[in-house]
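Quick notes on the structure that follows.
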Amino acid sequence: MKNHVLKGFLLAIGAAILWGVSGTFGQFLFQKRAVNVEWLITVRMLVTGIVLLLLAGMHKKNEIWQIWRHRKIV
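Going by the numbering used here, the first residue of the sequence shown is number -10, and it counts up by one from there.
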């Protein structure tokens, strides 16, 4: 149980740090590099989707593709 608490604590701290850094980095891109808002949102969504699929694939192996097995479900 103690291991789960520590893991949760570290994940929460890491998420807070990444959330804060992403805002600062986004502001830098908008002001200094003239990046388009739509482009940045698209890139963030794509990267997040790929990371989530990779993590799900590592933990659940082939279960993430079960939705595509039956035409009715899709």
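A virtual CB, placed ideally from N, CA and C, is assigned to each residue, including glycine.
All of these numbers come straight from a predicted model, not from anything done at the bench.
Cβ pair residue i, residue j closer than 8 Å
i: I56; j: I62; result: yes
i: G15; j: L29; result: yes
i: V24; j: L18; result: yes
For residue i, the first and last residue of its enclosing alpha helix (DSSP H)
i: V36; result: 26 to 49
i: Q16; result: -9 to 21
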